[in-house]
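As structure tokens, the structure follows; a few thoughts come after it.
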């Protein structure tokens, strides 16, 4: 199982990639493959595709070909490289957008986060901001916004804990 740090890094990379425009990625990568990969921040994929292109071109040109045939072959390989990298890079952006909608990354969906917070408050009776941050793996300001939203929706109340005065959040439940 991945550590929470690795999952957070993966989530951040996926978020950044998902913010890219798929069509712009395809256009940039088709006409200028290196620029397309820089745009998406996929440097490892860029180096792998460039190495593959150079290797295939080198192997093909190393044969006994006439100069005219070599130029035609190189142009054909450049076209294939452009199409292949454009498809691969834009597909990566599209897949990142899909991955953010999967349950693997529930932190992206605010409604899911609010449900998690309500379940936590119901299970514990009262929760602190720190409890909520640990539950949904978001920053304190992000969690505070969610808690304020739950208060506006009359689902939670904020109070002070008797013994130490700490700010706590409680679920509003019907008496019965």
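Numbering (my numbering), first residue to last: 2 to 177.
Every residue, glycine too, gets a C-beta built ideally from N, C-alpha and C.
Counting Cβ pairs closer than 8 Å, one from the stretch 36-45 and one from the stretch 10-19, do we hit at least three?
Yes, the stretch 36-45 is in contact with the stretch 10-19.
With 16 as the cutoff for other CB atoms within 10 Å, does residue 120 come out buried or exposed?
It counts as exposed.
Residue 107 versus residue 49: straight-line alpha-carbon distance, rounded:
Its pLDDT being 49, under 50, residue 107 is placed unreliably by the model, and the measurement read from it follows with that caveat. Rounded to the nearest whole angstrom, the CA to CA distance from residue 107 to residue 49 is 31 Å.
Thinking just about the alpha-carbon of each residue, which of 118, 71, 21 and 27 is nearest to the one in residue 138?
Ranking 118, 71, 21 and 27 by CA distance to the CA of residue 138 puts 118 first.
Any contact of the stretch 123-132 with the stretch 83-100, i.e. 3+ C-beta pairs under 8 Å?
As far as the Cβ criterion goes, the stretch 123-132 does not touch the stretch 83-100, which means the pair count is below three.
Please state whether the Cβ-Cβ distance between residue 173 and residue 146 is less than 8 Å.
Contact: no.
Could you tell me the distance, in whole angstroms, from the CA atom of residue 23 to the CA atom of residue 33?
C-alpha separation (whole angstroms): 15 Å.
Taking all protein chains shown into account, do 16 or more other C-beta atoms lie within 10 angstroms of the C-beta of residue 31, making it buried, or fewer, making it exposed?
So residue 31 counts as buried.
Should residue 99 be labelled buried (16 or more other beta-carbon atoms within 10 Å of its own) or exposed?
Per the 10 Å Cβ criterion, exposed.
Burial state of residue 9 (16 or more Cβ within 10 Å)
Residue 9 should be labelled exposed.
Cβ of residue 137 within 7 Å of any heavy atom in the ligand ATP?
Of the ligands one can find in the structure shown there are none, so the ligand ATP has no counterpart to examine.
Any idea which residues DSSP pairs residue 170 with across the strands?
Within the DSSP bridge table, the entry for residue 170 names 128 and 159 as partners.
Residue 73 (DSSP reduced to helix, strand or coil)
It is helical.
Put residue 138 into one of helix, strand or coil per three-state DSSP.
Coil at residue 138, not helix or strand.
Taking the C-alpha atoms as reference points, what is the distance between residue 166 and residue 11?
Rounded to whole angstroms, the gap between the alpha carbons of residue 166 and residue 11 is 38 Å.
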